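In what follows, a structure is listed as structure tokens, so that the remarks can point back to it.
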Amino acid sequence: MMRCLLLACLLIVGMLNAQNYVPDGGFELTKGFNDTTRWFSPGAGSPDLTGTLHRRYGSAAAYRGSVAAGIILYDEDNQAYREYIACTLTAPLLKDSCYELSLWVRTSEGSYYRCDGFGVWLGAEKISQHGSSPIHTKPVWKHPAQEAVAPDDQWQKLVVPIKAKGGETNLVLGNFRNDAETSLQVNNRKALFRLSYLQIDEITLQPCFQSAETTNTQVDFQKTHTKKGSLVVPNVVTPNNDGFNDVFFIHDLQPYTGILIRNSKGEEVFKERSYRNNWDGNGCVSGKYSYELVLPDGNRIYGGFDLVRKYTAPKRPVQQKKRRRR
Numbered sequence: 001m002m003r004c005l006l007l008a009c010l011l012i013v014g015m016l017n018a019q020n021y022v023p024d025g026g027f028e029l030t031k032g033f034n035d036t037t038r039w040f041s042p043g044a045g046s047p048d049l050t051g052t053l054h055r056r057y058g059s060a061a062a063y064r065g066s067v068a069a070g071i072i073l074y075d076e077d078n079q080a081y082r083e084y085i086a087c088t089l090t091a092p093l094l095k096d097s098c099y100e101l102s103l104w105v106r107t108s109e110g111s112y113y114r115c116d117g118f119g120v121w122l123g124a125e126k127i128s129q130h131g132s133s134p135i136h137t138k139p140v141w142k143h144p145a146q147e148a149v150a151p152d153d154q155w156q157k158l159v160v161p162i163k164a165k166g167g168e169t170n171l172v173l174g175n176f177r178n179d180a181e182t183s184l185q186v187n188n189r190k191a192l193f194r195l196s197y198l199q200i201d202e203i204t205l206q207p208c209f210q211s212a213e214t215t216n217t218q219v220d221f222q223k224t225h226t227k228k229g230s231l232v233v234p235n236v237v238t239p240n241n242d243g244f245n246d247v248f249f250i251h252d253l254q255p256y257t258g259i260l261i262r263n264s265k266g267e268e269v270f271k272e273r274s275y276r277n278n279w280d281g282n283g284c285v286s287g288k289y290s291y292e293l294v295l296p297d298g299n300r301i302y303g304g305f306d307l308v309r310k311y312t313a314p315k316r317p318v319q320q321k322k323r324r325r326r
């Protein structure tokens, strides 16, 4: 009997850890973007399902599997043209809960431009429009301005932390900036069309601390406030072995408090399920960092701090004065 209970618990934990609110995040079961049970286009734009070399946009193989999505973020010859992909989540998000959206993206080698025009919208209502112009709504996250979504020719992972308002059941991905706000970088001057074409694959939306690898991420971490707790968290760490603020030390830290630290680019630099007040910034450069604390009762605390490495100039050797001979 005990073995059966243990097995059942392990199965439940495994299901929770594998939970993904996005249906068919790898697009392997999606036949087209009019499939309302999986992915669809919320506007008149025509996103693609790609997996091999696209004869017009030069898209490459999918990141995983045989299929990826492809959308136009910007089109110089067709001003204000946008393509979006959308889906209905498998379950509503819980109020004040933390989730992590991750996806792999790649700018097509046949794109004349790279751009910063990419964002994420989540809401309870379903967005739709008859035209193909930019959707005028406020996304929950926009890619940092003046930075290309995928700055090189490789697949890159984006990780977006989200604090749910509660009841969100719809996800939309695409460029929510207008043409004037979209920053462009030349990618391939030999491209046939002056546009920016982005491939997307392996999309997951999971409760925090349940996603897999989080390297090569870019994210704008939003600060929030906790409603309970009396923790004293430092706003600066100076690992110079002077005995003051050498580590990220949290006073009155409760046992089994999890921590996640990211740098200014959103890259995960430290993660521990039961923090031991021992992070000293090893391997990290001076700059701004953000943290997320997961308390034993499930509540979360977000914030930021500065990591400052003081430079100590090497001491010059003392030159002895030469004695004059008498």
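Residue numbers (our numbering): 1 to 326.
Glycine included, every Cβ here is placed at the ideal spot set by N, Cα and C.
All of these numbers come straight from a predicted model, not from anything done at the bench.
When DSSP builds the beta bridges, which residues end up paired with Arg114?
DSSP, once it has assigned bridges, lists Gln185 as partnering Arg114.
Would you report the Cα separation of Lys165 and Ala61, rounded to the nearest angstrom?
Lys165 and Ala61: Cα-Cα distance of roughly 36 Å.
Count Cβ pairs between the region 103-110 and the region 82-89 that sit closer than 8 Å; are there 3 or more?
The answer is no - the region 82-89 does not touch the region 103-110, with fewer than three Cβ pairs under 8 Å.
Using the three-state DSSP reduction, which class does Asp306 fall into: helix, strand or coil?
Per DSSP, reduced to three states, the secondary structure at Asp306 is strand.
Could you tell me how far apart the beta carbons of Arg262 and Ser290 are, in whole angstroms, since I believe they sit closer than 8 Å?
Rounded, the Cβ-Cβ distance is 5 Å, consistent with contact.
Selection from Asp75, His130 and Pro23 that minimises the alpha carbon distance to Ala44
Selection Asp75, His130 and Pro23 evaluated against Ala44 yields His130 as nearest (Cα-Cα).
Less than 8 Å between the CB atoms is what I'm expecting for Ser183 and Cys115, so what's the real figure, rounded?
Confirmed, about 6 Å.
Going by C-alpha to C-alpha distance, which of Leu307, Leu260, Thr169 and Tyr302 sits closest to Asn282?
Asn282 has its Cα closest to that of Leu307, out of Leu307, Leu260, Thr169 and Tyr302.
Segments of 3+ residues assigned as beta strand (DSSP E) that fall wholly inside the region 132-204
Complete beta strand (DSSP E) runs here, min 3: 156-163, 170-174 and 184-186.
By alpha-carbon positions, which one of Cys284, Gly266, Leu260 and Ser264 ends up nearest to Arg276?
The candidate whose alpha carbon is nearest that of Arg276 is Leu260.
Nearest-angstrom Cα separation, counted from Gly304 out to Gln222
Model confidence at Gln222 stands at a pLDDT of 33, short of 50, so the residue's coordinates are unreliable and nothing is read from them.
For Gly266, does the three-state DSSP call read helix, strand or coil?
Three-state DSSP puts Gly266 in coil, outside helix and strand.
Mapping DSSP to helix, strand and coil, what is Cys338?
The structure shown has nothing for residue 338, since the chain only spans 1 to 326.
Thr50 lies in the beta strand (DSSP E); which residues open and close that run?
Taken as a continuous stretch (DSSP letters only), the beta strand (DSSP E) holding Thr50 covers Asp48 to Thr50.
So, are the CB atoms of Trp141 and Gly119 less than 8 Å apart?
The answer is yes: Cβ separation under 8 Å.
Just to check my reading of the structure: Gly117 and Asn188 have Cβ atoms closer than 8 Å, yes? What is that Cβ distance to the nearest angstrom?
Not quite, the Cβ-Cβ distance comes to about 17 Å (not below 8 Å), so this is no contact.
Using 10 angstroms around the beta-carbon of Leu101, count the other beta-carbons present and answer buried if the total reaches 16, otherwise exposed.
Leu101 should be labelled buried.
Counting only the same chain and skipping the five closest in sequence on each side, list residues whose C-beta sits under 6 Å from that of Val160.
Contacts found: Leu101, Val120, Trp141 and Val219.
When DSSP labels each residue in this structure, what does Asp75 get in the three-state scheme?
Reduced to three states, the DSSP call for Asp75 is strand.
Straight-line Cα distance separating Asp252 from Pro151
When only Cα atoms are considered, Pro151 and Asp252 end up about 42 Å apart.
Whole angstroms is fine: what's the gap from Thr37's alpha carbon to Thr30's?
Whole-angstrom Cα-Cα distance: 9 Å.
Counting along the chain, where does the beta strand (DSSP E) carrying Glu100 start and finish?
Element bounds for Glu100: Cys98 to Thr107.
Could you tell me how far apart the beta carbons of Thr169 and Pro92 are, in whole angstroms, since I believe they sit closer than 8 Å?
Going by Cβ atoms, the distance from Thr169 to Pro92 rounds to 5 Å, so yes, they are a contact pair.
What first and last residue would you give for the beta strand (DSSP E) that runs through Gly43?
That residue, Gly43, is in no beta strand (DSSP E); it is neither H nor E in DSSP.
Pairwise C-alpha distance: Thr238 and Arg309
Approximately 6 Å, taken between the alpha carbons.
Does Gly298 pass the burial test, meaning 16 or more other C-beta atoms within 10 Å, or should it be called exposed?
Flag for Gly298 reads exposed.
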